[in-house]
Structure formats: structure tokens, C-alpha cells
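Sequential numbering from 12 applies to the sequence shown in the numbering used here.
All C-beta atoms in this analysis are idealised placements derived from N, C-alpha and C, irrespective of residue type, glycine included.
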Amino acid sequence: MFWLVALIVILPFGSVLLFGAPYLPTRKKQANQALDLLDLKKGELLVDLGCGDGAVLIEAARRGVRSVGYELNPIVFAVAYARTMRYRKLVKLHLQNYWNQPLPKDTKGVFVFLLDKYMAKLDKKCTNELDEGAKLVSHAFEIPGKKPRFQVSAFNLYIY
Numbered sequence: 012m013f014w015l016v017a018l019i020v021i022l023p024f025g026s027v028l029l030f031g032a033p034y035l036p037t038r039k040k041q042a043n044q045a046l047d048l049l050d051l052k053k054g055e056l057l058v059d060l061g062c063g064d065g066a067v068l069i070e071a072a073r074r075g076v077r078s079v080g081y082e083l084n085p086i087v088f089a090v091a092y093a094r095t096m097r098y099r100k101l102v103k104l105h106l107q108n109y110w111n112q113p114l115p116k117d118t119k120g121v122f123v124f125l126l127d128k129y130m131a132k133l134d135k136k137c138t139n140e141l142d143e144g145a146k147l148v149s150h151a152f153e154i155p156g157k158k159p160r161f162q163v164s165a166f167n168l169y170i171y
């Protein structure tokens with residue numbers, strides 16, 4: 012019985028490492044700093060790739076920003092779903108691998124916390140799928156070979 016419970020818990024948290032990053036909560040201050048950098052207006056669209064517990068989505072909704080969140084871990088997805096229920100008019104969640112999904116055409120901003128080894132792949136995806144004016148905020152990792160427009164060292168955020 013112990014091994015079954017361990018598998019049910021460990022497998023969802025470990026398998027996401029094959030596609031992005033482990034779940035680490037984004038603090039409210041970090042989420043708001045990232046949203047400040049994106050400078051999205053009410054009604055514009057934010058995409059959170061690997062939305063975790065929904066912290067960034069909630070702060071975006073409080074600003075009137077529409078958002079779409081993708082999460083692979085079903086346990087964390089359930090937490091995000093429960094936390095964002097009252098913002099359902101502004102927040103859409105998908106239990107899917109974002110690498111296999113096209114970014115919505117009207118995306119104005121992207122928030123991501125990926126491992127370093129996926130940043131070049133992310134840059135290619137964003138370059139191919141986003142309009143030129145769209146912005147990307149990365150937590151913790153830089154895009155190789157690109158200079159960020161701005162960096163907030165206190166929160167380890169980079170905007171492109």
C-alpha cells in the first residue's frame with residue numbers, strides 16, 4: 012500500500028521534469044512583479060506555462076487580465092483549479108503539455124518558470140507562435156544568446 016501511495020504522489024511530481032520544471036510555488040510578490048514587467052491591460056491575455064498552483068493566474072485576474080494556464084501535474088492542477096474557481100470568467104486551465112499546444116493567437120504576455128535546458132526550445136516556440144509585441148517573463152532562467160530587456164534581480168525575473 013505504501014508503494015502505491017508513493018507512486019501516485021511521486022510520479023506526477025517527477026514526470027514533469029521531462030517537459031519543464033518541478034513545482035515550486037510562486038510567491039505573491041514575485042507574481043505581481045512579473046505582471047508589472049508584462050504591463051498587460053485589462054482584457055489582454057497572459058499565458059502561464061506550467062501554472063502550478065495558479066498564483067500568477069490569480070494575480071492576473073485581480074488586475075482584470077485574462078489568462079490561460081497549462082499544468083501537467085494532476086495534483087497541482089487540482090489545487091490551481093480550486094484556487095481559481097472564483098475567477099472562472101478570466102482564467103482558463105488546461106491539464107495538458109503546453110509543448111504540444113499552440114499558444115493562443117491573442118497572447119500578449121507569457122510567464123514561465125522552466126529549467127535552463129528548455130529555454131532555447133521555449134524561445135523558438137514563442138518566436139514562431141507569438142506576435143512581435145508579445146512579452147515573456149522568465150523566472151530564474153535566461154534565454155541563451157538573448158539579452159533581456161530588463162532584469163529584476165531581487166525576484167530573479169527576466170523580461171524579453
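Per-residue burial, residue i [other beta carbons within 10 Å of its own, 16 or more giving buried]
i, result
"Ala71", "buried"
"Glu55", "buried"
"Ser164", "exposed"
"Phe161", "exposed"
"Val123", "buried"
"Thr138", "exposed"
"Gly63", "buried"
"Leu35", "exposed"
"Lys157", "exposed"
Option in the options with minimal Cα separation from residue i
i, options, result
"Ala145", "Thr37, Leu35 and Val58", "Val58"
"Ala66", "Leu104, Lys53 and Asp50", "Leu104"
"Val87", "Asp47, Pro159 and Gly61", "Gly61"
"Val148", "Leu35, Pro36, Asn43 and Asp64", "Asn43"
"Pro113", "Val90, Leu125, Glu140 and Val121", "Glu140"
"Asp142", "Lys132, His150, Leu125 and Tyr171", "Tyr171"
"Arg73", "Lys136, Lys53 and Val121", "Lys53"
"Gly75", "Lys40, Lys132, Ala89 and Leu51", "Leu51"
"Leu41", "Lys157, Pro33 and His150", "Note that residue 41 is Gln in the sequence shown, not Leu. Considering only alpha carbons, the answer is His150."
Contact under 7 Å by Cβ, residue i with residue j
i, j, result
"Ile154", "Asp127", "no"
"Phe152", "Met130", "yes"
"Arg77", "Leu101", "yes"
"Ala45", "Leu125", "no"
Answer yes if the region 115-134 comes into contact with the region 81-98, meaning at least three C-beta pairs across the two stretches below 8 Å, and no otherwise. no
Mind the definition here: the region 105-113 touches the region 77-92 only if three or more C-beta pairs lie below 8 Å; say whether that holds. yes
Just to confirm the assignment: which complete beta strand (DSSP E) runs, minimum length 3, are found wholly within the region 81-109? 102-105
Taking only runs of the beta strand (DSSP E) that begin and end inside the region 129-166, which ones reach a length of at least 3 residues, in chain order? 146-150 and 161-163
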